[in-house]
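For reference, the structure is listed below as structure tokens.
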Amino acid sequence: MGTTSFLTRARGLLRIRNQLVRECLAELLSTFVLIIITLSSSAQKITSFETKGNLLTSYLGGALAVMVGIYTAGGISGAHMNPAFSFAMCLMEQFPWWKFPIFVVVQTLGSFISAGAVYILYYGMGEQHWAKEPHGDTRVARLMDMLCLCPPDAIWHYSNGTLTVSGPRETASIFATYPADYVSIANGFLDQVIGTGVLILGVMGITDTRNKGVPKGLEPVAVALLVLSIESSMGSNCGCPLNPARDIGPRLFTYVAGWGPEVFRLVEGRGRHGDGR
């Protein structure tokens with residue numbers, strides 16, 4: 000009885016009553032779940048030399064991550080997880096404009112935190128830590144060296160301890176998407192406009208009650224299948240990010256974590272994976 004009473008009081012004290020704060024936390028959590036699964040599926044594919052993952056598993060992981068994210072926060076914030084979708088909702092007058100910049104910041108922050116989690120999960124620091132050799136020139140990289148006492152892991156083993164954005168052992172594409180070498184800036188822009196447009200149009204159709212409805216509770220599954228179909232058909236040019244926060248947050252993380260300013264430059268040799276991931 001005493002334990003139950005204590006838990007009841009604790010829930011009452013921790014309960015967040017401000018609706019905007021609740022929505023922001025839900026959006027942060029759903030975006031975190033989306034990006035950590037998406038990036039981890041890419042990391043597993045690349046660092047295992049595609050022996051424990053391939054293009055299909057990478058796309059499937061990203062699609063299922065969307066489903067989990069919607070189930071996580073769909074009833075609270077709508078689980079936008081994507082500034083492009085929030086913008087579309089504003090244009091459709093289904094979302095207030097004043098919330099738009101707040102959601103963009105929260106979504107980008109969630110993606111940034113997710114990239115950090117994937118970095119810790121996959122970046123091996125053991126041998127260099129014991130040898131007292133820092134991984135990079137940044138404070139973040141040195142801090143990770145101090146905190147991790149694990150044996151060498153995937154990214155360290157794959158890249159031989161060097162964080163690069165181009166070349167045969169580049170690892171920046173684990174976190175952000177890069178265009179294939181043959182894609183021009185104009186074509187890359189068009190690729191993302193069309194892909195993101197198809198995504199938003201599909202989601203609108205799935206959630207429109209005037210259409211042939213998806214069984215209640217299965218809307219996230221339908222959206223995941225939509226994402227998988229877009230990835231499978233439009234992923235070769237730019238990696239099919241379809242989400243500004245999915246790219247900007249992890250890209251900013253790679254910038255501060257040791258990959259450097261090259262993550263913002265157009266460099267040939269980064270589209271070697273074929274899917275841009």
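Sequential numbering of the sequence shown, starting at 0, is according to numbering that gives the first Met the number 0.
All C-beta atoms in this analysis are idealised placements derived from N, C-alpha and C, irrespective of residue type, glycine included.
Model, not experiment: these values are computed from the prediction.
Whole-Å CB distance - residue i paired with residue j, under 8 Å assumed
i       : j       : result
Ile-45  : Thr-170 : 7 Å
Ile-199 : Ala-87  : 5 Å
Ala-42  : Ile-205 : Contact doesn't hold; Cβ gap of about 30 Å is too wide.
Val-67  : Ile-101 : About 23 Å; that fails the 8 Å criterion.
Ala-153 : Val-262 : Wrong, their Cβ atoms sit about 19 Å apart, outside the cutoff.
Glu-218 : Ala-62  : At roughly 14 Å, the Cβ-Cβ gap does not stay under 8 Å, so Glu-218 and Ala-62 are not in contact.
Phe-111 : Leu-251 : 6 Å
Arg-209 : Ile-34  : Arg-209 to Ile-34, Cβ: 32 Å. No contact.
Sub-9 Å separation of residue i and residue j beta-carbons
i       : j       : result
Phe-48  : Gly-109 : no
Gly-248 : Ser-113 : yes
Val-117 : Trp-258 : no
Val-255 : Val-65  : no
Leu-59  : Leu-227 : yes
Met-203 : Met-80  : no
Leu-162 : Thr-253 : yes
Val-103 : Cys-23  : no
Arg-8   : Ile-15  : no
Leu-225 : Gly-201 : yes
Gln-191 : Leu-265 : no
Counted within 10 angstroms of its Cβ, other Cβ atoms place residue i as buried (16 or more) or exposed
i       : result
Thr-57  : This sequence places Ser at residue 57; Thr is not what is there. When all chains shown are included, Ser-57 counts as buried.
Arg-10  : exposed
Thr-50  : exposed
Gln-93  : exposed
Leu-27  : buried
Pro-194 : Rather than Pro, the amino acid found at residue 194 in this sequence is Gly. Buried, since its Cβ has 16 or more Cβ neighbours within 10 Å.
Pro-243 : buried
Thr-71  : buried
Gly-77  : buried
Gly-115 : buried
Leu-6   : exposed
Asp-207 : exposed
Gly-52  : buried
Phe-188 : exposed
Ser-301 : Examination of residue 301 is not possible in this model, given that the chain is present from 0 through 276 alone.
Gln-18  : exposed
Leu-38  : buried
Glu-13  : At residue 13 the sequence reads Leu, which differs from the Glu that was named. Under this definition Leu-13 is an exposed residue.
Pro-260 : exposed
Ser-158 : buried
Thr-3   : exposed
Ser-283 : Examination of residue 283 is not possible in this model, given that the chain is present from 0 through 276 alone.
Gly-166 : exposed
Trp-155 : buried
Pro-95  : exposed
Pro-178 : buried
The ligand ADP heavy atom lying under 8 Å from the CB of residue i
i       : result
Leu-224 : This structure simply doesn't include the ligand ADP, nor any ligand for that matter.
Check whether the segment 227-238 and the segment 175-185 are in contact - that is, three or more C-beta pairs closer than 8 Å.
By the criterion of at least three beta-carbon pairs nearer than 8 Å, the segment 227-238 is in contact with the segment 175-185.
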